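Structure first, commentary second.
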Amino acid sequence: MGCFCHLLSSQQNREGQPEAGEANQAMDVYTVKVEGERPAQGDKPSAGPVYRCVYAKDGLLEVPQSLHSPWEFFSQSVKRNPNNPMLGRRDVVDGKVGPYVWKTYQEVYEEVIRIGAAIRACGVNPGGRCGIYGSNCPEWIITMEACNSHGIYYVPLYDTLGANAVEFIINHAEVSIAFVQENKMDSMLSCLSNCTQYLRIIVSFGKVTSTQKKEAEAVGITCYSWEEFLSQGNPSYKLPPKGKGDICTIMYTSGTTGDPKGVLLTNEAVMSEVLSIEHLLQETDKVVTEQDRYFSFLPLAHIFDQIIETYCIYKGASVGFFRGDVRFLVEDIQALKPTIFCGVPRVFDRIYTGINGKILSGGALKKKLFQFAYDHKLKNMKKGFKQDEASPFFDKLVFNKIKEGLGGQVRIMLSGAAPLPQHVEEFLRVTSCSILLQGYGLTESSAGCFTSIANEFSMMGTVGVPVTTIEARLESVPEMEYDALADVPRGEICLRGKTLFSGYYKRQDLTEDVLVDGWFHTGDIGEWLPNGAMKIIDRKKNIFKLSQGEYIAIESIESKYGRCPLVTSVWVYGNSFESFLVAVVVPERKAIEDWAAVAAEKGDFETHCKSPKARKYILDELNKVGQAHQLRGFEMLRAVHLEPVPFDIERELITPTFKLKRPQLLKYYKDTIEQLYREAKEPKN
Numbered sequence: 078m079g080c081f082c083h084l085l086s087s088q089q090n091r092e093g094q095p096e097a098g099e100a101n102q103a104m105d106v107y108t109v110k111v112e113g114e115r116p117a118q119g120d121k122p123s124a125g126p127v128y129r130c131v132y133a134k135d136g137l138l139e140v141p142q143s144l145h146s147p148w149e150f151f152s153q154s155v156k157r158n159p160n161n162p163m164l165g166r167r168d169v170v171d172g173k174v175g176p177y178v179w180k181t182y183q184e185v186y187e188e189v190i191r192i193g194a195a196i197r198a199c200g201v202n203p204g205g206r207c208g209i210y211g212s213n214c215p216e217w218i219i220t221m222e223a224c225n226s227h228g229i230y231y232v233p234l235y236d237t238l239g240a241n242a243v244e245f246i247i248n249h250a251e252v253s254i255a256f257v258q259e260n261k262m263d264s265m266l267s268c269l270s271n272c273t274q275y276l277r278i279i280v281s282f283g284k285v286t287s288t289q290k291k292e293a294e295a296v297g298i299t300c301y302s303w304e305e306f307l308s309q310g311n312p313s314y315k316l317p318p319k320g321k322g323d324i325c326t327i328m329y330t331s332g333t334t335g336d337p338k339g340v341l342l343t344n345e346a347v348m349s350e351v352l353s354i355e356h357l358l359q360e361t362d363k364v365v366t367e368q369d370r371y372f373s374f375l376p377l378a379h380i381f382d383q384i385i386e387t388y389c390i391y392k393g394a395s396v397g398f399f400r401g402d403v404r405f406l407v408e409d410i411q412a413l414k415p416t417i418f419c420g421v422p423r424v425f426d427r428i429y430t431g432i433n434g435k436i437l438s439g440g441a442l443k444k445k446l447f448q449f450a451y452d453h454k455l456k457n458m459k460k461g462f463k464q465d466e467a468s469p470f471f472d473k474l475v476f477n478k479i480k481e482g483l484g485g486q487v488r489i490m491l492s493g494a495a496p497l498p499q500h501v502e503e504f505l506r507v508t509s510c511s512i513l514l515q516g517y518g519l520t521e522s523s524a525g526c527f528t529s530i531a532n533e534f535s536m537m538g539t540v541g542v543p544v545t546t547i548e549a550r551l552e553s554v555p556e557m558e559y560d561a562l563a564d565v566p567r568g569e570i571c572l573r574g575k576t577l578f579s580g581y582y583k584r585q586d587l588t589e590d591v592l593v594d595g596w597f598h599t600g601d602i603g604e605w606l607p608n609g610a611m612k613i614i615d616r617k618k619n620i621f622k623l624s625q626g627e628y629i630a631i632e633s634i635e636s637k638y639g640r641c642p643l644v645t646s647v648w649v650y651g652n653s654f655e656s657f658l659v660a661v662v663v664p665e666r667k668a669i670e671d672w673a674a675v676a677a678e679k680g681d682f683e684t685h686c687k688s689p690k691a692r693k694y695i696l697d698e699l700n701k702v703g704q705a706h707q708l709r710g711f712e713m714l715r716a717v718h719l720e721p722v723p724f725d726i727e728r729e730l731i732t733p734t735f736k737l738k739r740p741q742l743l744k745y746y747k748d749t750i751e752q753l754y755r756e757a758k759e760p761k762n
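For the sequence shown, my numbering assigns the number 78 to the initial residue and increments by one for each residue that follows.
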């Protein structure tokens, strides 16, 4: 590809970009300007130019007039590939796990039609609300497609947020029928007494006990097993017409504060996102086909996995589900041998750590060979070679063993939900024998609104360029000293286009806060790079002043401390009544145990975490990392608490996408934080 147009001056080198002399070709530029900059006016901050992906330079991608809803993605795939495996899972019999067992597109279609007819027979009409509560499985997708077939809004109920959130969503979205995983039935029944205003029917993905039926009937709700419900409807029930502007789903975001927000996504938004994935793969790599297999384990209640599975269904590919237990992920992957693998940074970081550990534990000769092969392939990729052309010899000799760790056939890996550490991204790009795409998106943008380009190494450490259904610009944030019109443009990422949400359900106030003059304000701070790629550098909302008046951008600080190899998680805390920062840190078990061995400290991991010596050791190491990344004096930590138990969803300390829930963390560690401040203020002898 040639150089299309220059987005920005490329005089200065950026982190993650090839150094001068590494590549002999001109840097490709993947965005085009479509509108000029907007200087500050009155109380409105300045905004930079509007850009599109170069593949949408003549206009944003349009959904064909022949398509009206995602239902047609599925029904047309059934016509093209009726006998292709569609949904698969591993059956467990007498404690033994078997191979993947598949339902074909035609078999799934017939079940979808029966479930859809049964929903209508219960009085749920187009525009009605159907909840789906449970882990990824064929029944989840069958229910979703049944809703799509009749224009019923499907509403994912968060499998990981507990009964209170489920209760809130059922009542807020006015859910009248809910499909529930068999092992979630008791959890569902526990909140039924508070959900009777709208909810009338519960359908289990599996069986229902007589006790569960009686418990539901006691509050006026009818309970069915999956098979019982299948027999309730007439398969010849006529499907209603559907429109692009109709709501497809109300998807609640987990949020880090307050109640979940119901994001309204239309049929057009969902279809546009799927078609944009196809468009970009057509332009830059190989599109997904009916021969591909996708491994489904990221929560279907979230937009990321839902869009990817909808894309796979649109292409007639196969979707294999994990068995619901993360402890057996590797076993399920080896059984499925997927060609497409999506993960979040925490998953990829664990893959990296596991592989790196094996390399380091090998002999000196193996380590030397690996490093030579790694450096050779990395150098060629920086020169512009595609990953599969950079070193075929070492791919077969050295890196094939790493490829086998994900089943041996993965050709596309996608990372989303949070920034992928650059060292992990580089490692996987070189060693996985697969393309690795990192993207950025929100529920409000129907998942990905930016994505890196396949085999474009200069996008390392970025989230890539706008997808072909979105336009983007930066808006200045003066209070954080980010200027969208500076030589290095930085500011809040703002979006407009085909895949944006229609608003927050029943929350016009929140909608108006983020949708201004047709632009969605994401709250994330980005920086345009010379090749048109976007780099996420900060978060707008998580800023506050210390007592001395200094602004603190807490997520940026945490990301720097998070690079310390001795810790797995860091929650930094400060407020406007204090002049310094403290932190709760989850240390790496091996790092603490290694320290204890050298320091001749006795006890187990939990005991070491309470040790003042261990706390000082970790504090000093964190501050060394902070200094190395130019953190200012008031951004340095004065005290830390070592937490042996990782932050988890069960205690509501993180969201399902592993973002820190700051109010909940403060509530949980309130006494600890107060103690840290007392300790830090005590006079030192």
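All residues carry an ideal CB built from backbone N, CA and C; glycine is no exception.
In this text the structure is predicted, and so the values were computed from the model without any measurement.
Closest by C-alpha distance to residue i, when choosing among the options
i, options, result
"S653", "A660, E627 and V663", "E627"
"F764", "P159, N225 and P337", "Since the first residue of the chain shown is 78 and the last is 762, residue 764 is not available in this structure."
"A784", "F449, P642 and A223", "The requested residue 784 does not occur in the structure, where the chain is confined to residues 78 to 762."
"G297", "H453, F151, Y275 and D135", "Y275"
"E729", "K435, R739 and G283", "R739"
"D426", "L491, V501 and N457", "V501"
"A394", "W596, A757, N160 and N248", "N160"
"L266", "C214, E305 and Y210", "Y210"
"N248", "K284, S146 and G208", "G208"
"F527", "R666, F150 and F381", "F381"
"V661", "F418, L714, T430 and I219", "L714"
"L737", "P721, Y650 and K156", "Y650"
"L164", "E184, K173, Q585 and A691", "E184"
Residue i in three-state terms, based on DSSP
i, result
"P469", "helix"
"L577", "coil"
"H453", "helix"
"A561", "coil"
"E112", "strand"
"P376", "coil"
"I219", "helix"
"C389", "helix"
"L276", "coil"
"L413", "helix"
"G518", "strand"
"E129", "The sequence given here places Arg at residue 129; Glu does not occur at that position. Here R129 sits in strand by DSSP."
"L357", "helix"
"C686", "helix"
Between the CA atoms of residue j and residue i - distance to the nearest angstrom
i, j, result
"V365", "H356", "11 Å"
"K747", "Y754", "11 Å"
"L562", "S553", "8 Å"
"N158", "V189", "16 Å"
"K443", "K435", "11 Å"
"A668", "R640", "14 Å"
"K637", "V565", "21 Å"
"F282", "E556", "51 Å"
"K261", "E112", "51 Å"
"K459", "K445", "21 Å"
"T55", "Q448", "Residue 55 lies beyond the residue range present for the chain, which begins at 78 and ends at 762; the question has no answer from this structure."
"G205", "D323", "12 Å"
"V542", "K321", "26 Å"
"K622", "A630", "9 Å"
Which residues DSSP lists as bridging residue i, in chain order
i, result
"Y650", "V659"
"E604", "R567 and K612"
"H598", "C571"
"W179", "G165"
"I247", "Its beta-bridge partners do not exist; DSSP assigns none."
"M328", "V340"
Residue i: CB within 6 Å of a non-hydrogen atom of the ligand GDP
i, result
"I410", "In the structure shown, the ligand GDP is absent, as is every other ligand, since no ligand is present at all."
inquiry  = If contact is defined by three or more beta carbon pairs under 8 Å, each pair taking one atom from either stretch, is the segment 217-236 in contact with the segment 406-414?
reply    = no
query = Between the segment 536-543 and the segment 514-526, do at least 3 Cβ pairs fall closer than 8 Å?
reply = Counting C-beta pairs closer than 8 Å gives three or more between the segment 536-543 and the segment 514-526, which meets the contact rule.
request  = Would you check if there are 3 or more beta carbon pairs closer than 8 Å linking the segment 199-213 to the segment 171-180?
outcome  = no
task = Determine contact between the segment 125-143 and the segment 584-592, defined as no fewer than three beta-carbon pairs at a distance below 8 Å.
result = no
query = For the 8 Å Cβ check, are there 3 or more pairs between the segment 346-353 and the segment 461-479?
reply = no
task = Decide yes or no for the touch test of the segment 563-572 against the segment 599-612: beta carbon pairs closer than 8 Å, at least 3 of them.
result = yes
inquiry  = When you compare the segment 391-406 with the segment 463-474, are there three or more beta-carbon pairs, one atom per stretch, that lie closer than 8 Å?
reply    = no
query = Does the segment 451-464 come close enough to the segment 528-535 that 3 or more CB-CB pairs lie under 8 Å?
reply = The segment 528-535 vs the segment 451-464: in contact.
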